[in-house]
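Residue numbers (the working numbering), protein chains in the order written: chain C, 1 to 109; chain S, 1 to 109.
The beta-carbon is built from N, C-alpha and C at its ideal position, and this holds for glycine as well.
Shown next, in structure tokens, is the structure this report addresses.
Number of protein chains: 2
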Amino acid sequence: MELKKLADALKALGDPTRLKIIALLNMRDCCVCELVPIFGISQPAISKHLSRLKNADLVTENRKGQWVFYSLNRKQLHEIGLGLVNLPDCSAEFKKLEEQGLLVSCKED
Amino acid sequence: MELKKLADALKALGDPTRLKIIALLNMRDCCVCELVPIFGISQPAISKHLSRLKNADLVTENRKGQWVFYSLNRKQLHEIGLGLVNLPDCSAEFKKLEEQGLLVSCKED
DNA sequence: TATTGATATAACCATATGGTCATATTAGTA
DNA sequence: TACTAATATGACCATATGGTTATATCAATA
């Protein structure tokens with residue numbers, strides 16, 4: 001990958017919120033309304049972070065009805081040469097979401 | 001590594017100038033006056049980029065007389081989980097420096 | 001000691017970033 | 001069709017970023 005594009009991707013990853021989004025997506029696909037309660041920031045803020053990650057080809061989006069699900073673009077992460085082993089475990093966040101009934105996968109059933 | 005620190009390191013890498021500095025240091029240690037002519041920017045600008053990389057533990061400095069040589073902190077890069085295979089080859093830059101007699105290693109001899 | 005070369009720091013400036021709130025858009029549903 | 005939920009976009013703001021020039025610091029040397 002060319003240097004400028006590689007730098008852009010790394011800069012997109014170089015924010016605690018976006019990096020945690022990557023860590024979350026590393027466990028399972030998420031939609032915006034699942035991510036919002038995890039972070040203490042507004043829905044538009046999350047939306048813009050996702051947009052930034054999408055522009056850097058780090059995630060892809062997939063609309064399912066009302067919801068837009070985001071997935072990791074593992075191919076791109078591999079091309080950047082970034083391993084995901086170092087990312088923190090996010091089981092606790094998903095557990096909390098489930099307890100609060102905020103997992104969209106529950107609503108879908 | 002904790003998320004905030006990992007994000008800081010990635011942000012430090014997320015700039016074309018700093019990333020190229022990393023690529024150059026991946027080939028050999030460099031001092032500031034060698035890096036300046038490679039980039040089209042001022043000496044203080046280079047100095048600040050190096051300071052930024054040092055703060056992120058990505059490089060170490062080592063004074064040798066007048067010169068301060070910077071080296072990659074490969075341990076830190078490994079902890080971040082970033083491979084260096086993707087970085088561009090910089091032989092041309094060093095060759096040009098040598099032709100112009102700007103390599104400090106020449107002056108030292 | 002005075003001078004020169006290499007590097008770092010300070011003050012400054014234009015632009016980018018990451019958040020806010022308000023609003024537009026899109027899909028499902030009464 | 002009207003309403004609601006989910007998402008995206010626009011306008012705005014405070015701070016960070018990446019550059020500049022001028023100057024300070026530090027080491028080598030005449």
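Nearest to residue i (by Cα), restricted to the options the options
i                    : options                   : result
residue 1 (chain C)  : C:94, C:28 and C:79       : C:79
residue 94 (chain C) : C:37, C:18, C:3 and C:83  : C:37
residue 10 (chain S) : C:81, C:63 and C:28       : C:81
residue 5 (chain C)  : S:5, S:13, S:7 and S:6    : S:13
residue 62 (chain S) : S:29, S:39 and S:84       : S:29
residue 64 (chain C) : C:8, C:35, C:104 and C:7  : C:104
residue 16 (chain S) : S:84, S:39, S:92 and S:55 : S:39
residue 92 (chain S) : S:7, S:3, S:8 and S:27    : S:27
Which residues DSSP lists as bridging residue i, in chain order
i                     : result
residue 71 (chain S)  : S:60
residue 117 (chain S) : Chain S is shown only over 1 to 109; residue 117 (chain S) falls outside these bounds and no answer can be derived.
residue 82 (chain S)  : C:82
C-beta neighbour in chain C for residue i, strict 8 Å
i                     : result
residue 50 (chain S)  : no
residue 7 (chain S)   : yes
residue 102 (chain S) : no
residue 59 (chain S)  : no
residue 27 (chain S)  : no
residue 77 (chain S)  : no
residue 38 (chain S)  : no
residue 53 (chain S)  : no
residue 19 (chain S)  : yes
residue 35 (chain S)  : no
Same chain, Cβ closer than 7 Å to residue i, neighbours up to 5 away in sequence not counted
i                    : result
residue 53 (chain C) : 12, 18, 21 and 59
residue 8 (chain S)  : 56
Cβ shell of residue i (< 8 Å), same chain only, five flanking positions each side left out
i                    : result
residue 32 (chain C) : 43, 46, 47, 50, 67, 68 and 70
residue 3 (chain C)  : none
Neighbourhood of residue i by C-beta, 6 Å cutoff - its chain only, sequence neighbours within 5 removed
i                    : result
residue 57 (chain S) : 73 and 76
residue 35 (chain C) : 46
residue 84 (chain C) : 26
C-beta neighbour in chain S for residue i, strict 8 Å
i                    : result
residue 22 (chain C) : no
residue 89 (chain C) : no
residue 41 (chain C) : no
residue 73 (chain C) : no
residue 96 (chain C) : no
residue 80 (chain C) : yes
residue 62 (chain C) : no
residue 65 (chain C) : no
residue 44 (chain C) : no
Q. Are the region 15 to 23 of chain S and the region 76 to 88 of chain S touching by the rule of at least three beta carbon pairs closer than 8 Å?
A. yes
Q.
Three Cβ pairs or more, each shorter than 8 Å: is that satisfied between the region 42 to 51 of chain S and the region 95 to 102 of chain S?
A. Between the region 42 to 51 of chain S and the region 95 to 102 of chain S, the count of Cβ pairs shorter than 8 Å is below three; the stretches do not touch.
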